[in-house]
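2 protein chains.
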Amino acid sequence: MIRSGVSPRALEAALGEFAGVLGSERVITDAEGLRGFRDPFQFATWEDNTASAVLSPTTVEEIQEIVQIANRHRVPLWTHGQGRNNGYGGPAPRVKDSVIVSLRQMNRVLEIDPDLAYAVVEPGVRWFDLYEAVQAAGYPLMLSIADLGWGSVVGNTLDHGVTYAPNGVDMGMQCGMEVVLADGTVMRTGMGAMPGNRSWHLYKRGLGPTPDQLFMQSNFGIVTKMGVWLMPTPEVYMPLWLRVWSDDDLAPMFETLRRLMLDGTIRMVPQVMNTVLYGAVVAKRADFWTGEGPIPDDVLDGMARQLDIGRWLMRFALYEDEAVADVKFAKIKRAFESAIPGAEVWGTKYAADEIPGIENPAEKIQGGIPNLDWNNMTAWYGGEEGGHIGFSPVAPLTGPDALALRDLLRGMVEGAGLDYIAGLLPVNARSFIHITMVIFDTKDEAQCRAAYDVSRRLVVEAAKLGYGEYRAHLDFMDLAAEQYSFGDHAYRRFCETIKDALDPNGILSPGKQGIWPRGMRDR
Amino acid sequence: MIRSGVSPRALEAALGEFAGVLGSERVITDAEGLRGFRDPFQFATWEDNTASAVLSPTTVEEIQEIVQIANRHRVPLWTHGQGRNNGYGGPAPRVKDSVIVSLRQMNRVLEIDPDLAYAVVEPGVRWFDLYEAVQAAGYPLMLSIADLGWGSVVGNTLDHGVTYAPNGVDMGMQCGMEVVLADGTVMRTGMGAMPGNRSWHLYKRGLGPTPDQLFMQSNFGIVTKMGVWLMPTPEVYMPLWLRVWSDDDLAPMFETLRRLMLDGTIRMVPQVMNTVLYGAVVAKRADFWTGEGPIPDDVLDGMARQLDIGRWLMRFALYEDEAVADVKFAKIKRAFESAIPGAEVWGTKYAADEIPGIENPAEKIQGGIPNLDWNNMTAWYGGEEGGHIGFSPVAPLTGPDALALRDLLRGMVEGAGLDYIAGLLPVNARSFIHITMVIFDTKDEAQCRAAYDVSRRLVVEAAKLGYGEYRAHLDFMDLAAEQYSFGDHAYRRFCETIKDALDPNGILSPGKQGIWPRGMRDR
């Protein structure tokens, strides 16, 4: 456990000043209030990542005052948009007794431009909110959204979160930011650095180096505004499905998929799910298996047939003029079905006005309609909502890499007595992220412990094979960062140099993604 | 003029040590040798940006030694790949008497992967070299290249240079870097920070903040390796042309183009040329106008008709399966021809094996075949090769913005007695870069002076309307950076903070894009 090191007296003084700025109703310090800001999946008595207070600013100026107070009292802050970083720590801070800066109340959609197809949002805006704002304005624009509609658009982006429509490829939809730095400076990136510039949210760079991605997965500033690219609603939105029946079909599936993404036929982010992952969305474990240990292969085969979801099921989509969609669909169907015996590709064409009526959750997600149905999967082991850790390495989009990662992850997760639950996301034509949902019952401390232990070991074992995490859980951030050790940890030292220069007192999210300020490095 | 401030004795000592590392044949100090590293367009007697020496390392280790020597003697370095930054200063340094680190001899293509469609190159590799390496290997891969094949792939990328095929959209083809920092540390970015990672050139990020774009248009490191995404040669490559006959047709052209790019019909970077720009590629000024001052409108109309190139001519292309190309071509033709009276769209379909035989230079460029034909335009005022300054603001991809910028730039350039020569590059669906080719005769000092003067004024006047440069000429870097003043120059202060932290002695390319090290800021 890493503690903030702030004395009770300094913390008290800081909290008094925070209340002076925000009013005491926007400074939470009571145990009941703070409970809502724990990692929701951490076992109840584990207290590594609990905060001492939660602040809820509503303006940029308030954030500027907060960082100045934090600097004076050396109080570590931890920021989130909505705090829905579930599977990676949720709203909780890396350092115990940090003061959380929750931006949930900074939730305005500041601008939507229907012609240039972008929006500008504050960090508390959820996918639900942005979708509703676009609908309310009546603009024919589609969003690229994450699986769960409750998350913050900004928060998801800053954690390198994946979205699925064409603008989600390579997480490319962010354009232009406003950031409060540790010293209270308000900086605008890209063209926004020029007062009155007309291209802040249209051109991704400025004159000089582009700092936007420096504020993602880091602790160098607090993002207060962000441009988000939208797309015109296509003539035809066509969600597609590919189903295969053998576990090893994953290899030819990925070989074929890569070619279809490289040549631009598929230009979005598919999601490739194993039987248990999609099974967990639509069913419960107890319907199929009540024995000891992970579900055996023959039971998985039966489950695949009974639910009609195959051993691997890929959700993907076309967003095209109808004539192009027809050509592409025929090509895609031919490609997969000729490469993989027993494979089937099917889909549904929706005209623009039919999209709001779509009911399948996956088809809604890919069509930009936020929902929460995907969250069902966490209740796999029973109850209302279970816990999960996301273990998420990146790999080349090839058949051999897909099988090598599957073998490693399935072997280790099942070795820990848990089911192997996999969602593979080809975020571009050349690589995929293997989201391993290490799901557990949060009320079962032994199962919690098993999940944490195997996730920790996976970090090291995957790295040995050349696969690194794209995003790390609070509890494994240091270990995951440790694997990126080229040149005697040149990259980490580079990040630390920037951290110390921008935030000499180390007040912003210490430990985030393994970046520690000077004063906390020799712990 | 800004001088290095290095004493002759310190410089001499450093040069001796450089020669000790490189051998004296790779340390150029004679006047004749140094002449090849001047800005080729600067008037002969202007000496603001001349170097004191040129070093030609061939290995990363030599670069590490060079920066260590430079640190000891406080000698400013200035790096280039090929030094073809023409229009923005060429190979020349910002600070007089800097030591140039020319990476022309680090020119190996380190890897080409035909399945995952990427290459890894050293900074001296030119478009010509990479093309030849791909051809020699016989891989069915297409490059996205710049207009002139002599440039460095890495150098162009680091200066935010534009390329035109699908991977050129938003300058998105770079993936993964190796960088030598000012202290001699070798850092690898993204997944490359993990030893043995398999996704260094496949996934654009790593764990933690992504620093790659911090090394573009900056002076924070020397890039020694870079991943470049290629694309599979499409079934059909179809270069297209759009010609319109009225100067104001630019507005509906851009409105239509934006929609066709937003919906994914056109997924590359077009180039929109006015009569003089394409005229300068294929003809000479004296054939049309020998009078005083800029070419009048009626002569431009005549030139447009005589050369059959219209008042605006757009080169663009499709890279698709043939059936998709046919659908898209019909849609594109209908869209432009119905929106603009007299507009014509035409094109040629080439199968993969026909591409090497293409002769039109624009069609070669968009098809990834490097050449130098586009350079003809600089001889517009006569002679073999003239000079030019690139004045290049960014603007929203809308009709009103296109006309507003045209009016400003045409008015001021013609007011200086020069022709308005414009190439507009929609680098994504929402914005374009207006490359203003301020062409002049390098032997005519008065015309040189006029070109420099008007370019300087343009920086300020464009900014007043909300348009900032995407890239600045050596002589206007500080002035261009000065316009990005939001928050009391928050962005510049941010860059300076990083500069001082990473390069406390200020040895790497001081002044690049307006970023000065601590010791040179109060000049």
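In order, the protein sequence lines correspond to chains P and A.
Residues 1 to 523 (the numbering used here) make up the first sequence, in order.
Residues 524 to 1046 (the numbering used here) make up the second sequence, in order.
Backbone N, C-alpha and C define an ideal beta-carbon position, used for all residues, glycine too.
Predicted model, so just to flag it, every value in this text is computed and none were measured.
Got a sec, what are the start and stop residues for the beta strand (DSSP E) residue i sits in?
i, result
"threonine 962 of chain A", "Looking at the sequence itself, residue 962 of chain A is isoleucine, so the reference to threonine does not match. Run containing isoleucine 962 of chain A: 954-963, per the beta strand (DSSP E) assignment."
"glutamate 344 of chain P", "344-347"
"asparagine 274 of chain P", "271-274"
"alanine 395 of chain P", "394-396"
"threonine 224 of chain P", "222-229"
"isoleucine 888 of chain A", "Not the beta strand (DSSP E): isoleucine 888 of chain A falls in the alpha helix (DSSP H), residues 884-889."
"glutamate 178 of chain P", "174-180"
"glycine 880 of chain A", "Note, glycine 880 of chain A: premise wrong, no beta strand (DSSP E); not H, not E."
"glycine 719 of chain A", "From DSSP, glycine 719 of chain A is part of no beta strand (DSSP E); its letter is neither H nor E."
For residue i, which residues from the same chain have a beta carbon less than 8 angstroms from its beta carbon, with the 5 sequence-adjacent residues on both sides left out?
i, result
"alanine 1004 of chain A", "Ala995, Arg1015, Gln1036, Gly1037 and Ile1038"
"arginine 456 of chain P", "Asp475, Phe476 and Leu479"
"glutamate 570 of chain A", "Met524 and Lys619"
"tyrosine 1021 of chain A", "One detail in the question is off: residue 1021 of chain A reads as isoleucine in this sequence, not tyrosine. Excluding positions up to five away in sequence, the list reads Leu737 and Phe743."
"glutamate 984 of chain A", "Leu931 and Met935"
Taking buried to mean at least 16 other C-beta atoms within 10 Å of its own C-beta, is residue i buried or exposed?
i, result
"methionine 826 of chain A", "buried"
"proline 601 of chain P", "Residue numbering for chain P in the displayed model covers 1 to 523; residue 601 of chain P lies beyond these limits and cannot be assessed."
"proline 755 of chain A", "buried"
"proline 531 of chain A", "exposed"
"glycine 138 of chain P", "exposed"
"lysine 987 of chain A", "exposed"
"glutamate 815 of chain A", "exposed"
"arginine 406 of chain P", "buried"
"glycine 715 of chain A", "buried"
"alanine 615 of chain A", "buried"
"aspartate 735 of chain A", "buried"
"glutamate 17 of chain P", "buried"
"tryptophan 346 of chain P", "exposed"
Let's see if you can read the secondary structure: which residues bound the alpha helix (DSSP H) around residue i?
i, result
"tryptophan 835 of chain A", "Counting along the chain, tryptophan 835 of chain A falls outside any alpha helix (DSSP H), though it belongs to the beta strand (DSSP E) covering 835-843."
"histidine 996 of chain A", "Element bounds for histidine 996 of chain A: n/a, residue is neither H nor E."
"lysine 464 of chain P", "445-464"
"glutamine 135 of chain P", "127-137"
"histidine 596 of chain A", "583-596"
Pop quiz: residue i and residue j are said to be a contact at Cβ under 8 angstroms. What is the actual Cβ separation, rounded to whole angstroms?
i, j, result
"proline 923 of chain A", "histidine 957 of chain A", "No, proline 923 of chain A and histidine 957 of chain A are not in contact; Cβ-Cβ is about 14 angstroms, not under 8 angstroms."
"asparagine 197 of chain P", "glycine 991 of chain A", "5 angstroms"
"valine 622 of chain A", "leucine 578 of chain A", "6 angstroms"
"tryptophan 200 of chain P", "glycine 176 of chain P", "4 angstroms"
"isoleucine 525 of chain P", "threonine 157 of chain P", "As shown, chain P starts at 1 and ends at 523. That puts residue 525 of chain P outside it, with no answer to give."
"leucine 704 of chain A", "methionine 710 of chain A", "6 angstroms"
"threonine 58 of chain P", "glutamine 105 of chain P", "5 angstroms"
"glutamate 363 of chain P", "valine 236 of chain P", "No, glutamate 363 of chain P and valine 236 of chain P are not in contact; Cβ-Cβ is about 13 angstroms, not under 8 angstroms."
"isoleucine 1030 of chain A", "valine 583 of chain A", "Not a contact, Cβ separation roughly 17 angstroms."
"aspartate 441 of chain P", "tyrosine 381 of chain P", "5 angstroms"
Residues in the same chain with beta-carbon distance under 6 angstroms from residue i, minus the five sequence neighbours each way, listed in chain order, please.
i, result
"leucine 103 of chain P", "Gly81, Pro123 and Gly124"
"arginine 766 of chain A", "Gly833, Leu836 and Glu867"
"valine 95 of chain P", "Ile2, Ser4, Pro76, Pro510 and Gly511"
"asparagine 899 of chain A", "Val804"
Using a Cβ-Cβ cutoff of less than 7 angstroms, which residues in the same chain neighbour residue i once the five nearest sequence positions on both sides are dropped?
i, result
"alanine 133 of chain P", "Val109 and Ile112"
"glycine 691 of chain A", "Ser667, Val685, Met791 and Val792"
"asparagine 107 of chain P", "Glu122, Gly124, Val125 and Asp129"
"aspartate 170 of chain P", "Val427 and Asn428"
For the ligand SAH, is there a heavy atom less than 7 angstroms away from the beta-carbon of residue i?
i, result
"tryptophan 812 of chain A", "What this structure holds is no ligand at all, so the ligand SAH is not there to describe."
| field | Chain-ordered residues of the segment 987-1004 of chain A with a beta carbon less than 9 angstroms from chain P | value | Within the segment 987-1004 of chain A, the residues whose Cβ lies closer than 9 angstroms to any Cβ of chain P are, in chain order, Lys987, Leu988, Gly989, Tyr990, Gly991, Glu992, Tyr993, Arg994, Ala995, Met1000, Ala1003 and Ala1004.
| field | Where the segment 729-744 of chain A meets chain P: residues whose CB sits under 8 angstroms from a CB there | value | Gly729, Leu730, Gly731, Pro732, Thr733, Pro734, Asp735, Gln736, Leu737, Phe738, Met739, Gln740, Ser741 and Phe743
| task | Using a Cβ-Cβ cut-off of less than 7 angstroms, list which residues of the segment 952-976 of chain A approach chain P; keep chain order. | result | Arg953 and Ser954
| task | Could you run through the segment 681-694 of chain A and flag, in chain order, every residue whose CB is less than 7 angstroms away from some CB of chain P? | result | Residues His683, Pro689 and Asp693.
| message | What are the residues in the segment 225-249 of chain P lying within 7 angstroms of chain A by C-beta distance? | response | Within the segment 225-249 of chain P, the residues whose Cβ lies closer than 7 angstroms to some Cβ of chain A are Met231, Pro232 and Pro234, listed in chain order.
| query | Quick one, which residues of the segment 325-354 of chain P are near chain A if we go by CB-CB under 8 angstroms, in chain order? | reply | Val327, Lys328 and Lys331
| message | Tell me which residues of the segment 1033-1045 of chain A have at least one Cβ-Cβ distance to chain P shorter than 9 angstroms, keeping chain order. | response | Lys1035, Gln1036, Gly1037 and Ile1038
| Just by C-beta distance, which residues in the segment 706-722 of chain A are closer than 8 angstroms to chain P? | Thr708, Val709, Met710, Arg711, Thr712, Met714, Gly715, Ala716, Met717, Pro718, Gly719, Asn720, Arg721 and Ser722
| request: Identify each residue in the segment 910-943 of chain A for which the Cβ-Cβ distance to at least one residue of chain P is less than 8 angstroms, and report them in chain order. | output: Val917, Ala918, Pro919, Leu920, Thr921 and Asp924
| message | Please identify, using Cβ separations under 8 angstroms, the residues of the segment 623-648 of chain A that lie next to chain P, in order along the chain. | response | The segment 623-648 of chain A vs chain P, Cβ under 8 angstroms: Asp638, Leu639, Ala640 and Tyr641.
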